[in-house]
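J.:
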Amino acid sequence: VPGWGDKFFKASDDGHILVAPQGEGGPTLDLYALTEQLTVAGLRAPLLFRFLPIVGHRIAKLNAAFSAAIERFEYQGTYNGVFPVKANHDKSLIDAVLEYGTPHQFGLEVGSKAELVMVMARLAGTGRRGVNLVCNGFKDAEYMELVLHCRELGMNAMVVMEQYSELDLLLSAARRLGVRPSIGIRAKLTTRHAGHWGSTSGDKAKFGLRAREIVGAVNTLAEEGMLDCLNLLHFHVGSQITNIRMVKEVMREASFLYAELVQMGATMRFIDCGGGLAVDYDGSFTDSHASMSYTLQHYANDVVSAVQEVCIQRSIPPPTIITESGRALASHASVLVFDVLNTPECLHEKRVEQEEVVESIEIRDDKPLTKQLRAAARSGKGKFLLMTFKEVYDNITADAFALREAYNDASYFKDEGVRAFKLGVLSLEERAQVDMMFDAACERIREVAREADLPLPDALRPDAVPHTKMYHVNLSVFRSAVDSWAIQQLFPIVPIHRLEEEPTVAATLADLTCDSDGKVDRFINPRGGDPLPALPLHPLRNGEKYYLALFLTGVYQEVMGSIHNMFGSLNTVVVREARGQAGDAALVVEPAAVQGCEPAPCADAPAHPMADDASSASSASLAALEGGMEADSAFTATHAPADGAAAAAATAAVHD
Ligand code: PLP
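The opening position of the sequence shown corresponds to residue 74 in full-length UniProt numbering, with each subsequent residue numbered one higher.
1. Quick check on the burial criterion: 16 or more other C-beta atoms within 10 angstroms. Buried or exposed for S694?
2. Alpha carbon to alpha carbon, how far is P565 from D603? Give it in angstroms, no decimals.
3. Span of the alpha helix (DSSP H) holding P75?
4. Find out if the Cβ-Cβ distance for the pair V310, V291 is shorter than 8 Å.
5. Relative to ligand 1, is the shortest distance from any of its heavy atoms to the C-beta of E397 smaller than 7 Å?
6. Thinking C-alpha only, which one of V232, K618, L613 and D87 is nearest L181?
7. Who pairs with residue 51 in a beta bridge, going by DSSP?
8. I'd like to check one pair, S549 with D584: are the Cβ atoms closer than 8 Å?
9. Taking 8 Å as the cut-off, decide whether the C-beta atoms of G399 and G348 are in contact.
10. CB-CB under 7 Å to T293, same chain, minus the five flanking residues each way: which ones, in chain order?
11. Name, in chain order, the residues that DSSP records as bridge partners for N644.
12. Excluding the five sequence neighbours on either side, which residues of its own chain have a C-beta within less than 6 Å of the C-beta of G591, listed in chain order?
13. Count the CB pairs spanning the region 328 to 341 and the region 376 to 393 that are closer than 8 Å, and state whether there are at least three.
14. Distance check for K186 and R318, CA to CA, integer angstroms please.
15. Spatial neighbours of F358 within its chain, please: C-beta separation below 8 Å, excluding the five flanking residues on both sides.
16. Can you confirm whether the region 655 to 664 touches the region 92 to 100 when touching is taken to mean that 3 or more C-beta pairs between the two stretches lie within less than 8 Å?
17. Enumerate in chain order the residues of its own chain whose CB-to-CB distance from T199 is below 7 Å, with the five nearest sequence positions on each side excluded.
18. Where does S484 fall in DSSP's three states?
19. Measure the C-alpha to C-alpha separation of Q381 and G251 and round it to an integer number of angstroms.
20. Does the region 496 to 509 touch the region 75 to 90, meaning 3 or more C-beta pairs lie closer than 8 Å?
21. Taking the straight line between their C-alpha atoms, what separation do you get for R649 and A406?
22. Please work out which residues of its chain come closer than 6 Å, Cβ to Cβ, to residue 734, disregarding the five sequence neighbours upstream and downstream, and give them in chain order.
23. Quick one: is E703 buried, meaning 16 or more other Cβ sit within 10 Å of its Cβ, or exposed?
24. Can you tell me whether DSSP reads M341 as helix, strand or coil?
25. K159: which of Y152, N153 and I167 sits nearest, CA to CA?
26. Could you pull the DSSP bridge partners for M543 from this structure?
27. Smallest Cα separation from Q630: which of S589, A554, V408 and I597?
28. Determine the contact status of L282 and M234, defining contact as a CB-CB distance below 8 Å.
29. Check whether the Cβ of Q630 lies closer than 7 Å to any heavy atom of ligand 1, and answer yes or no.
30. Any idea if C302 is buried or exposed, counting beta-carbon neighbours within 10 angstroms, 16 or more meaning buried?
31. Given 7 Å as the limit, tell me if R400 has its C-beta closer than that to any heavy atom belonging to ligand 1.
32. Any heavy atom of ligand 1 within a distance shorter than 7 Å of the CB on G347?
33. Does H130 come out as helix, strand or coil in the three-state DSSP assignment?
34. Taking the C-alpha atoms as reference points, what is the distance between V593 and V410?
35. Between the Cα of L189 and the Cα atoms of F179, A230 and D163, which residue gives the shortest distance?
36. DSSP state of H307, grouped into three classes?
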């Protein structure tokens, strides 16, 4: 947790996950206690928590890193980031970006006409003027006109030419409306990033202009007397850049390109470096796909110094630097809490009564037997298989070598049981008993190892493949963690309670869809190596909920998640800051009941099949949470009932 948690998450002494939405030193929320309380209030898991102050914290951190770099390299320009709306369209999140971003002149990036319309409405609502709005994506005439209207509304909307043909569309829209546009050019850089998103860059990239097209566009603008409208150079080499060397190389190529555009007469003002700033999903701080081997400060330093160097070399004014970080700003903000429903192998959890099993077994003498089995049977050991198991079981002693031996014997006799079944010697019931004996022997080995503090045989270690158990979890991978299926992305998954207890079960997770791909069987390796095949979890306890959380899901998962098998909205809980009169910011927990963003084709998207009916959940939760739930430093243990204003805020959140 300390590796990937970025100080927003940690484990408490009593084994619960604590969340510090305002960062280290701020008040903490006990995720398990909060989940239990919300459950009592009628909001059942799976619960999507949105910790909005985390977004604020990440925006502040990114800006602080750029300010430090600007100071260090005595850069004369500024930094103004934009948030790519496609990373997460949720209204509360976008509002949080705008609110926390205001002191830093943070803007937005859109990648489609729909996103543009949404953002126009949000920005018009804030009354903020001069906000940078970078308009990317495929464009038609209507898109161009909308961008020009944004300029009339006081936004600094810049339309980025992603294809050469867009220039004509833009110029005719500008003529029609009589508005001078602010134009950007997206360059296809030759530097390619090696990770999963590498195809975003290079000659075969989907978007961007190649060198000759850039020159053609500049010439056309010059002919139209519009070179003063060309203000921005944009590039994006792909998401999750794990190695800083890539940033250095890309920045060098792009900075020279920027300088060339200035020297060709364009009134350049912005260099937009796109996204790519990575997230350390496994906390290993390495080059693995799930990690990153650089800090936010390294990133800012390399971006600023590369631009600075070229500006000095070519004696050109320093541009405003824009980045379009999505992943790095919002991933930490969403946490999905879900429960384990059962494990198909739940019989194994029962304590096996050895004597009972031995007493009940019968080996029928009328069946053909293998040589070994026949000999055993002839020698009067009808129940030889289970008796042998019992011997193995009884002889498990506190010695590392003996434990290994016992495990090997138990595995051998288990295989013998399968062989005997195939020969028709064992009935199905008897075979089941063999399985139970095997499990009992393994359990005994674990017990003895634990008591004597001895190493477990490799195959019995919690992360060993042969002993993984499947836990059915109340979740759809396709709805809530689609990248784990689509691109084998790894996310941290952790129990949110019982962390003071040793996890003794090696588990894989199976979701509730009827799709065999709906599972998670690759888990982060905190050492940064190959993913682990199993997650160490705790045995389930009768009548007790067992909750896990999927972390770092704040970008792309919600917007890309599909309603495969009709798994729709999740119950959502928004944690935001409420400013007091003294300027202090208490945490307010608002059950919002239904996830804001719903890509379902019909208006009434189905709710998650295992969630309560959304509307009844919301009213139940609001009734039970009467007065709202306000968090302060004392919130860790209990949620103090707050005043009516918070209740009104909660109601507003539901009805908004
Ligand atoms: N900008 C553009 C044009 C993108 O395509 C993307 C996503 O791939 C981003 C920004 C955001 O990237 P990231 O989430 O890696 O910061």
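Cβ coordinates follow ideal geometry from the N, Cα and C atoms, glycine included.
T.: So, to answer that:
1. By 1-based counting over the sequence shown, the position of residue 694 is 621. Legend: pLDDT at S694 = 36, less than 50; position of this residue unreliable, no value from coordinates given.
2. As a position in the sequence shown, residue 603 is number 530, starting the count at 1. As a position in the sequence shown, residue 565 is number 492, starting the count at 1. If you take the alpha carbons of D603 and P565, they lie about 14 Å apart.
3. On the sequence shown, residue 75 is found 2 positions in, with the first residue counted as 1. P75 to G78 is the span of the alpha helix (DSSP H), which, as asked, contains P75.
4. By one-based count along the sequence shown, residue 310 stands at place 237. By one-based count along the sequence shown, residue 291 stands at place 218. With contacts defined as CB atoms closer than 8 Å, V310 and V291 fail to qualify as a contacting pair.
5. Here residue 397 corresponds to residue number 324 of the sequence shown, with the count starting at 1. Yes, ligand 1 has a heavy atom inside 7 Å of this Cβ.
6. As a first step, residue 181 must be located in the sequence shown, where it is residue number 108. Of the candidates V232, K618, L613 and D87, V232 places its Cα closest to the Cα of L181.
7. In this structure the chain extends from 74 to 729, so residue 51 is not present and cannot be described.
8. Indexing the sequence shown from 1 puts residue 584 at position 511. Indexing the sequence shown from 1 puts residue 549 at position 476. Annotated as proximal: D584 and S549, with beta-carbon spacing under 8 Å.
9. Along the sequence shown, read from residue 1 onward, the residue named residue 399 stands at position 326. Along the sequence shown, read from residue 1 onward, the residue named residue 348 stands at position 275. The Cβ atoms of G399 and G348 sit closer than 8 Å to each other.
10. Translated into the one-based positions of the sequence shown, residue 293 becomes position 220. Hits under 7 Å: L240.
11. Residue numbering aside, residue 644 sits at position 571 when the sequence shown is read from its first letter. Answer by DSSP bridge pairing, in chain order: L120.
12. In the sequence shown, residue 591 corresponds to position 518, counting from 1. Only residues of its own chain outside the window of five on either side were considered, and among them V550 and D584 have a CB closer than 6 Å to the CB of G591, listed in chain order.
13. Yes, they touch.
14. The residue given as residue 318 occupies position 245 in the sequence shown. The residue given as residue 186 occupies position 113 in the sequence shown. Each residue's Cα considered, the two are about 34 Å apart.
15. Locating residue 358 in the sequence shown gives position 285, counting from the first residue. Closer than 8 Å at the Cβ level, and outside the excluded window around F358, lie G76, S364, M365, S366 and G601.
16. Pairwise C-beta distances place the region 92 to 100 in contact with the region 655 to 664, as three or more of them are shorter than 8 Å.
17. In the sequence shown, the residue the question calls residue 199 occupies position 126. The beta carbon of T199 sits closer than 7 Å to the beta carbons of L171 from its chain, once the five residues preceding and following it are set aside; these are given in chain order.
18. For the purposes of this step, residue 484 is taken as the residue at position 411 of the sequence shown. Residue state for S484 is assigned as helix, using DSSP reduced to three classes.
19. Locating residue 381 in the sequence shown gives position 308, where the first residue counts as 1. Locating residue 251 in the sequence shown gives position 178, where the first residue counts as 1. Those two C-alpha atoms are separated by around 36 Å.
20. With a cut-off of 8 Å, the region 496 to 509 and the region 75 to 90 do not count as touching, because too few Cβ pairs lie within range.
21. Residue mapping note: residue 649 aligns to position 576 of the sequence shown, counting from 1. Residue mapping note: residue 406 aligns to position 333 of the sequence shown, counting from 1. Going by the C-alpha atoms only, they are around 11 Å apart.
22. One cannot answer for residue 734 here, as it falls past the ends of the chain, which runs 74 to 729.
23. By 1-based counting over the sequence shown, the position of residue 703 is 630. Residue placement at E703 is flagged as unreliable, the pLDDT there being 42, under the threshold of 50; a coordinate-derived value is accordingly withheld.
24. In the sequence shown, counting from the first residue as 1, residue 341 sits at position 268. M341: coil per DSSP, three-state reduction.
25. Here residue 159 refers to the residue found at position 86 of the sequence shown. Between K159 and the set Y152, N153 and I167, the nearest pair of CA atoms involves I167.
26. Translated into the one-based positions of the sequence shown, residue 543 becomes position 470. Looking at the DSSP output, M543 sits in a beta bridge with T581.
27. Mapped onto the sequence shown, residue 630 falls at position 557. For the residues S589, A554, V408 and I597, the minimum Cα distance to Q630 belongs to A554.
28. As a first step, residue 282 must be located in the sequence shown, where it is residue number 209. As a first step, residue 234 must be located in the sequence shown, where it is residue number 161. Inclusion of L282 and M234 in the CB contact set at 8 Å is warranted, their separation being smaller than that value.
29. Counted from its first residue, the sequence shown places residue 630 at position 557. Closer than 7 Å to some heavy atom of ligand 1: that does not describe the Cβ of Q630.
30. For this step, residue 302 is matched to residue 229 along the sequence shown. If you draw a 10 Å sphere on the C-beta of C302, you find 16 or more other C-beta atoms in it, and that means buried.
31. Residue numbering aside, residue 400 sits at position 327 when the sequence shown is read from its first letter. Checking the Cβ of R400 against ligand 1 gives yes.
32. Residue 347 sits at position 274 when you count from the first residue of the sequence shown. In this structure, ligand 1 has a non-hydrogen atom nearer than 7 Å to the beta-carbon of G347.
33. Taking the first residue of the sequence shown as position 1, residue 130 is located at position 57. When secondary structure is reduced to three states using DSSP, H130 falls in the helix class.
34. For this step, residue 593 is matched to residue 520 along the sequence shown. For this step, residue 410 is matched to residue 337 along the sequence shown. Taking the straight line from one Cα to the other gives about 15 Å.
35. Counting from 1 along the sequence shown, the entry for residue 189 is found at position 116. Of the listed residues, the one whose Cα sits closest to L189 is A230.
36. Counting from 1 along the sequence shown, the entry for residue 307 is found at position 234. In the structure shown, the three-state DSSP call for H307 is strand.
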